[in-house]
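Engineer: Shown below is the structure under consideration.
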């Protein structure tokens, strides 16, 4: 049901973002002595962050307005492309005061080249 909804230019931008090297991120992780790292895939940033926080019994503050959003991501969410993530978002019980932009994009799965590091 979700097939053929993404525009070609959105796919090109997504592929371009996946082609970026993680070398700079790896250097930053070493510099800051990261103690954990996970890929950000089907459960999206918040799903993976929640899993890491629950496992470590920690909390986090996110500036969702500072997160880059792929071109077309908001339109895909509005078309219902994030429906498989809804149970995870319900578990998060996010505050209602989130910025407007994040309401539509907080559950978007990211590509596997994105990483979520932790320094404890």
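In this note's numbering, the protein residues as written are 841 to 960. Heads up, the beta-carbon is just placed ideally off N, CA and C, and yes, glycines get one too. This structure is a prediction, so every number in the text was calculated from the model and none was measured.
State the start and end residues of the unbroken beta strand (DSSP E) segment that holds residue 876.
Structural biologist: Per DSSP, residue 876 belongs to the beta strand (DSSP E) from 876-879.
Engineer: Using only CA atoms, which one of 888, 907, 845 lies nearest to residue 899?
Structural biologist: Here the closest residue by C-alpha is 888.
Engineer: By DSSP's criteria, residue 957 is part of a beta bridge. Which residues make up the other side?
Structural biologist: Per DSSP, 877.
Engineer: Would you mind reading off the limits of the alpha helix (DSSP H) that contains residue 845?
Structural biologist: Counting along the chain, residue 845 falls outside any alpha helix (DSSP H), and DSSP gives it neither H nor E.
Engineer: Do residue 845 and residue 985 come within 9 angstroms of each other at the CB atom, strictly closer than that value?
Structural biologist: Here the chain comprises residues numbered 841 to 960, so residue 985 is not present and cannot be evaluated.
Engineer: Determine the extent of the alpha helix (DSSP H) in which residue 890 is found, giving its start and end residues.
Structural biologist: Counting along the chain, the alpha helix (DSSP H) containing residue 890 begins and ends at 884-896.
Engineer: Let me know if residue 848 comes out buried or exposed under the rule of 16 or more other beta-carbons within 10 Å of its beta-carbon.
Structural biologist: By the 10 Å Cβ count, residue 848 comes out exposed.
Engineer: May I ask you to report which of helix, strand or coil DSSP gives residue 864?
Structural biologist: Reduced to three states, the DSSP call for residue 864 is helix.
Engineer: Buried or exposed: which applies to residue 798, given that a residue is buried once 16 or more other Cβ atoms fall within 10 Å of its Cβ?
Structural biologist: Beyond the ends of the chain as shown, which are 841 and 960, falls residue 798; an answer cannot be given.
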